[in-house]
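Offset between the sequence shown (1-based) and my numbering: plus 49. We put the CB at the ideal spot given by N, CA and C, even for glycine. Notes follow the structure.
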Amino acid sequence: MPYSLKGRNVLVTGGSRGLGELICLKFAAEGCNVAVNYNASEDRAKEVAEKVEGFGGKAVLVKGDMGIEADCISVVRTTIAQLSGLDIIISNAGYTRFSTFSDLSAPITQDWDLCHAVNVKAQFFLMREAAPTFKMNSDGGYCGGYNGGEFDAYELDFPYNLLRDWGSDVAYSVTKAAQLHLMRCLASTEGPKVRVNAVLPGWLATEWGMKYDPKRVEDLRDKSWLKKDVG
Numbered sequence: 050m051p052y053s054l055k056g057r058n059v060l061v062t063g064g065s066r067g068l069g070e071l072i073c074l075k076f077a078a079e080g081c082n083v084a085v086n087y088n089a090s091e092d093r094a095k096e097v098a099e100k101v102e103g104f105g106g107k108a109v110l111v112k113g114d115m116g117i118e119a120d121c122i123s124v125v126r127t128t129i130a131q132l133s134g135l136d137i138i139i140s141n142a143g144y145t146r147f148s149t150f151s152d153l154s155a156p157i158t159q160d161w162d163l164c165h166a167v168n169v170k171a172q173f174f175l176m177r178e179a180a181p182t183f184k185m186n187s188d189g190g191y192c193g194g195y196n197g198g199e200f201d202a203y204e205l206d207f208p209y210n211l212l213r214d215w216g217s218d219v220a221y222s223v224t225k226a227a228q229l230h231l232m233r234c235l236a237s238t239e240g241p242k243v244r245v246n247a248v249l250p251g252w253l254a255t256e257w258g259m260k261y262d263p264k265r266v267e268d269l270r271d272k273s274w275l276k277k278d279v280g
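Here it is in structure tokens:
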């Protein structure tokens with residue numbers, strides 16, 4: 050039996066702008082209730098929430114910095130309390146600081162720490178906090194026995210960037226590889242009750258994606274598996 054999204058409770062981290070906003074609206078269009086996580090962009094988060102409610106579902110705002118463990122925990126708990134449950138987490142929030150990839154002096158210690166905190170550790174903290182709720186969810190039947198919750202990490206890099214020597218920043222690129230392996234680990238430890246997916250869509254035409262040099266963007270389009278812009 051297909052896994053219906055109608056009535057599901059979804060948490061989207063970094064949901065106030067760009068790809069996060071699009072994800073919120075896509076789930077709302079499927080009949081989901083959406084918790085819009087934001088850190089600093091409260092006004093934009095409110096706009097997203099209003100759009101979500103326009104589809105007929107419930108929307109709640111949940112403030113929290115994904116670079117802080119306590120915030121990751123509170124965001125999950127607040128979502129569960131306000132939506133009376135949690136079925137899906139889209140871990141969309143990420144951090145990078147554009148710098149010269151070939152310059153080993155460009156990334157500073159703070160870049161490494163923030164990239165690892167937001168892009169890797171947050172994924173683990175969110176799953177750890179949500180896992181008990183996911184495993185208590187009785188409604189499932191997705192993909193022949195998979196049920197409970199669904200935890201998706203949206204990779205903002207393209208697949209081959211995990212193997213090649215370039216990107217927005219070397220610290221960010223390294224954490225993308227770590228994040229992908231974490232998804233494999235969580236799929237192994239939490240499945241089959243909890244489904245874990247990593248999505249690597251290619252270059253995204255978002256406000257962050259547009260910061261790349263135009264020549265680099267053309268190179269991305271040429272090498273992308275989809276051969277087209279996403280977003």
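Alpha carbon to alpha carbon, what distance is there between residue j and residue i?
i	j	result
residue 169	residue 187	29 Å
residue 81	residue 236	24 Å
residue 137	residue 179	9 Å
residue 224	residue 57	30 Å
residue 70	residue 121	19 Å
residue 238	residue 185	16 Å
residue 75	residue 157	36 Å
residue 100	residue 135	20 Å
residue 55	residue 264	42 Å
residue 72	residue 52	18 Å
I'd like to confirm the pairing. Which residues does DSSP put opposite residue i in its beta bridges?
i	result
residue 112	87
residue 82	58
Where does residue i sit, in a helix, a strand or coil, going by DSSP?
i	result
residue 135	coil
residue 222	helix
residue 61	strand
residue 168	helix
residue 196	Its pLDDT being 26, under 50, residue 196 is placed unreliably by the model, and nothing is read from it.
Leaving out five residues on either side along the sequence, give the residues of the same chain with a beta carbon under 8 Å from the beta carbon of residue i.
i	result
residue 173	231, 235
residue 227	165, 168, 169
In chain order, what residues of the same chain lie with their CB nearer than 7 Å to the CB of residue i, ignoring the 5 residues before and after it?
i	result
residue 65	85, 87, 90, 93, 94, 97
residue 127	111
residue 167	115, 116, 142, 143, 144
What is the C-beta distance between residue i and residue j, in whole angstroms, given that I count them as a contact (C-beta under 8 Å)?
i	j	result
residue 106	residue 77	5 Å
Might you give, ordered along the chain, the residues of its own chain that have their beta carbon closer than 6 Å to the beta carbon of residue i, omitting 5 neighbours on each side?
i	result
residue 62	86, 115, 140, 141, 142
residue 220	156, 160, 161, 164
Quick check: is the beta carbon of residue i nearer than 9 Å to any beta carbon in chain D?
i	result
residue 81	Among the protein chains of the structure shown there is no chain D, as only one such chain exists.
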